[in-house]
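Working notes, structure below.
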Amino acid sequence: MLRRPLPSHPRRIILIKSHSAGIGDILRSSAAWAVLKRRWPDAELHLIFLTRWPGYPSEELISRHHLLHSAHFLPLQEGRFAGMRGVGPKGWRSLLPELRRLGKEIQPDLIIDHEPHGIETAIASRILRAQSPRAATVGVAQVPGRGLLYDHSGPSLSRYAQKHGLPQPMDYTERDFAALAALGLERKGQPICLQVGTDGRAWQQKNCKSSERLRIGLNIGCGTPDALAKRPDLDLLVESFGKLALLQPYQLLLTGAPNEHAVNAEFRQRYWQRWGESPIENLAGAGSLDLLSGIIDSCDLFVSSDSGPYHMSVGLGKPTIVLFHRPNPAHYHRVGNLLVLVAPSVDMLLDALRQRLPAP
Numbered sequence: 060m061l062r063r064p065l066p067s068h069p070r071r072i073i074l075i076k077s078h079s080a081g082i083g084d085i086l087r088s089s090a091a092w093a094v095l096k097r098r099w100p101d102a103e104l105h106l107i108f109l110t111r112w113p114g115y116p117s118e119e120l121i122s123r124h125h126l127l128h129s130a131h132f133l134p135l136q137e138g139r140f141a142g143m144r145g146v147g148p149k150g151w152r153s154l155l156p157e158l159r160r161l162g163k164e165i166q167p168d169l170i171i172d173h174e175p176h177g178i179e180t181a182i183a184s185r186i187l188r189a190q191s192p193r194a195a196t197v198g199v200a201q202v203p204g205r206g207l208l209y210d211h212s213g214p215s216l217s218r219y220a221q222k223h224g225l226p227q228p229m230d231y232t233e234r235d236f237a238a239l240a241a242l243g244l245e246r247k248g249q250p251i252c253l254q255v256g257t258d259g260r261a262w263q264q265k266n267c268k269s270s271e272r273l274r275i276g277l278n279i280g281c282g283t284p285d286a287l288a289k290r291p292d293l294d295l296l297v298e299s300f301g302k303l304a305l306l307q308p309y310q311l312l313l314t315g316a317p318n319e320h321a322v323n324a325e326f327r328q329r330y331w332q333r334w335g336e337s338p339i340e341n342l343a344g345a346g347s348l349d350l351l352s353g354i355i356d357s358c359d360l361f362v363s364s365d366s367g368p369y370h371m372s373v374g375l376g377k378p379t380i381v382l383f384h385r386p387n388p389a390h391y392h393r394v395g396n397l398l399v400l401v402a403p404s405v406d407m408l409l410d411a412l413r414q415r416l417p418a419p
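Heads up, the sequence shown is in this note's numbering, so the first residue is 60 and it goes up one at a time.
Listed below in structure tokens is the structure:
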């Protein structure tokens with residue numbers, strides 16, 4: 060493969076991802092998108108996500124992201140081929156036409172494969188490259204020989220972390236910058252970012268916040284049944300938020316997916332039994348993630364388990380408290396308005412709530 064030079068001013072950039080379709084996993088890439096737009100403000104960013112989870116709720120939210128010109132979620136049909144787990148001939152027969160179509164339609168001059176592992180995204184970058192006479196590819200030289208699959212490559216994740224003095228396991232947001240290192244682009248503290256969508260703005264207009272009462276958002280669940288273990292203890296929440304109400308009145312908005320309406324209702328019932336009725340609204344399943352962005356943005360403080368709304372709150376720049384049962388540094392964001400609490404006591408959470416809440 061004849062090595063193509065990097066464009067000095069790319070007009071259309073394709074970004075390839077495939078790791079996980081979770082809201083937070085994709086939204087973490089927005090820090091890299093912001094750095095690319097800062098370097099080339101007029102460039103179009105087109106996300107191509109090879110997904111094993113077609114139809115995931117994150118697709119709609121990400122498709123509307125303000126930094127992306129377009130987003131395309133292409134299903135991967137997983138199976139076994141030659142005894143190995145992966146995408147076999149049947150999966151590629153449906154995937155190849157879509158990749159070729161997008162390559163011809165977008166006509167990129169730069170293709171960035173952010174995935175350090177697996178062969179699917181590397182193959183996709185080669186297919187997209189073939190549709191444009193000037194497109195240069197960039198990838199991650201995670202293992203010996205992988206860098207040869209691209210025109211240019213950034214260092215492995217371990218080399219990138221070592222060079223930047225980052226602890227292992229590395230914050231997931233940093234992983235996208237291993238590929239961007241081939242372009243000479245650094246993160247420089249860029250946080251993830253999100254803007255309130257159309258549905259969110261409409262919700263805010265209908266649900267104006269009282270100037271006399273602070274509004275706190277609380278996300279107890281984690282979206283999927285397999286993440287039940289991430290939920291914080293309800294008694295911890297009841298005691299902490301009840302004691303806070305004795306010191307400072309507030310309105311509490313309970314967010315979550317439709318399947319989390321029940322756990323929110325249980326929390327509210329326990330709270331009212333312990334402290335008496337107060338303004339607590341159960342908004343689990345209230346609408347799209349676009350609408351959820353407006354709910355979170357309306358809050359003075361957002362408290363959450365390790366879940367999609369946690370990442371949305373950080374992306375929106377809201378004061379945020381995230382609750383973990385055990386340390387998980389790869390899932391932390393390193394921004395000033397975020398507080399990470401690991402297995403907190405009632406008093407620890409209460410103190411954090413008081414410190415993070417603005418004056419009414």
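In this text, a Cβ means the ideal position worked out from N, Cα and C, and glycines have one as well. A quick note: this is a predicted structure, and the numbers were derived from the prediction, not measured.
Original post:
Given Leu293, which residues of its chain have a CB within under 7 Å of its CB, disregarding the five upstream and five downstream residues?
Top reply: So the qualifying residues of the chain are Glu325, Phe326 and Arg329.
**OP:** For the beta strand (DSSP E) holding Gly198, just list the boundary residues, first then last.
**Re:** For Gly198, the enclosing beta strand (DSSP E) stretches over residues Ala195 to Val199.
**OP:** Mind the definition here: the segment 291 to 307 touches the segment 389 to 397 only if three or more C-beta pairs lie below 8 Å; say whether that holds.
**Re:** With a cut-off of 8 Å, the segment 389 to 397 and the segment 291 to 307 do not count as touching, because too few Cβ pairs lie within range.
Subject >> Reduced DSSP category for Val394 - H, G, I as helix; E, B as strand; rest coil >> reply: In the three-state reduction of the DSSP assignment, Val394 falls in the coil class, being assigned neither a helical nor a strand state.
**OP:** To the nearest angstrom, report how far apart Leu106 and Glu164 are at their CA atoms.
**Re:** Approximately 13 Å between the Cα atoms of the pair.
**OP:** Please state if the CB of Ile170 and the CB of Ala194 are separated by a distance shorter than 8 Å.
**Re:** Yes, these two residues count as a Cβ contact at 8 Å.
Original post:
Between the beta-carbon of His173 and the beta-carbon of Leu65, is there less than 8 Å?
Top reply: At least 8 Å separates the beta-carbon of His173 from that of Leu65.
Original post:
Can you tell me where the alpha helix (DSSP H) with Asn387 in it begins and where it stops?
Top reply: Boundaries for Asn387: no alpha helix (DSSP H) harbours it, and the DSSP string shows neither H nor E there.
Original post:
Would you say the beta carbon of Gly276 comes nearer than 7 Å to a heavy atom of the ligand NAP?
Top reply: In the structure shown, the ligand NAP is absent, as is every other ligand, since no ligand is present at all.
Original post:
In the structure shown, what three-state DSSP assignment does Val94 receive?
Top reply: In this structure, Val94 counts as helix in the three-state DSSP scheme.
Original post:
What's the gap between the Cα of Leu409 and the Cα of His384?
Top reply: CA-to-CA, the gap between Leu409 and His384 works out to about 17 Å.
**OP:** Measure the Cβ-Cβ separation of Cys252 and Ser89 and say whether it is below 8 Å.
**Re:** For the 8 Å CB-CB criterion, Cys252 and Ser89 form a contact.
Subject >> Rounded separation between Lys247 and Ile380 - CA only >> reply: Distance between the alpha carbons of Lys247 and Ile380 is about 23 Å.
Subject >> Under the three-state DSSP convention, the category Arg71 falls into >> reply: Strand.
Original post:
Quick one: what's got a C-beta closer than 7 Å to Pro134's C-beta in the same chain, skipping five residues either side?
Top reply: In the same chain as Pro134, and ignoring 5 residues on each side of it, the C-beta atoms closer than 7 Å to its own belong to Thr110 and Pro113, in chain order.
Original post:
Taking all protein chains shown into account, do 16 or more other C-beta atoms lie within 10 angstroms of the C-beta of Ala343, making it buried, or fewer, making it exposed?
Top reply: Of the residues assessed, Ala343 falls on the buried side of the cut-off, its CB having 16 or more other CB atoms within 10 angstroms.
Original post:
Taking contact to mean at least 3 C-beta pairs separated by less than 8 Å, is the segment 271 to 279 in contact with the segment 230 to 247?
Top reply: Contact fails: fewer than three Cβ-Cβ distances are below 8 Å.
Subject >> Proximity below 8 Å, CB of Val94 to CB of Leu244 >> reply: Yes, the Cβ-Cβ distance between Val94 and Leu244 is below 8 Å.
Original post:
According to DSSP, what are the bridge partners of Thr379?
Top reply: Within the DSSP secondary-structure output, Thr379 pairs in a beta bridge with Phe361 and Leu397.
Original post:
Taking three-plus beta-carbon pairs below 8 Å as touching, is the segment 304 to 315 in contact with the segment 353 to 365?
Top reply: Yes, they touch.
Subject >> Three-way DSSP call (helix, strand, coil) for Ser215 in this model >> reply: It is coil, neither helix nor strand.
**OP:** Could you check what DSSP says for Ser129 in three-state terms: helix, strand or coil?
**Re:** In the structure shown, Ser129 sits in a strand (DSSP, three-state: E or B).
Subject >> Bridge partners - Arg274, DSSP secondary structure assignment >> reply: Paired residue(s): Gln310.
Original post:
From Arg415 to Pro378, what distance separates their C-alpha atoms?
Top reply: So the two alpha carbons sit approximately 7 Å from each other.
Original post:
Taking DSSP as the reference, what is the three-state secondary structure of Leu287?
Top reply: Looking at Leu287 - three-state DSSP - the assignment turns out to be helix.
Subject >> Under the three-state DSSP convention, the category Arg144 falls into >> reply: Residue confidence for Arg144 is low, a pLDDT of 47 falling below 50, so the modelled location carries little weight and cannot support an answer.
**OP:** Quick one: residues in its chain with C-beta nearer than 8 Å to the C-beta of Arg413, no 5 flanking neighbours on either side, listed in chain order?
**Re:** By the criterion of a C-beta distance shorter than 8 Å, Arg413 is surrounded in its chain by Leu303, Leu306 and Gln307, once the five residues flanking it on both sides are discounted.
Original post:
Do Pro156 and Ile73 have their C-beta atoms closer together than 8 Å?
Top reply: For the 8 Å CB-CB criterion, Pro156 and Ile73 do not form a contact.
Subject >> With 16 other Cβ atoms within 10 Å as the buried cut-off, status of Asp258 >> reply: With 16 or more neighbouring CB atoms inside 10 Å of its own CB, Asp258 falls in the buried class.
**OP:** For Asn341, write down the residues that DSSP places opposite it in a beta bridge.
**Re:** Answer by DSSP bridge pairing, in chain order: Leu313.
**OP:** Could you tell me which of Pro317, Gly177 and Gly150 sits nearest to His78, measuring between CA atoms?
**Re:** Of the candidates Pro317, Gly177 and Gly150, the residue whose Cα lies closest to the Cα of His78 is Gly177.
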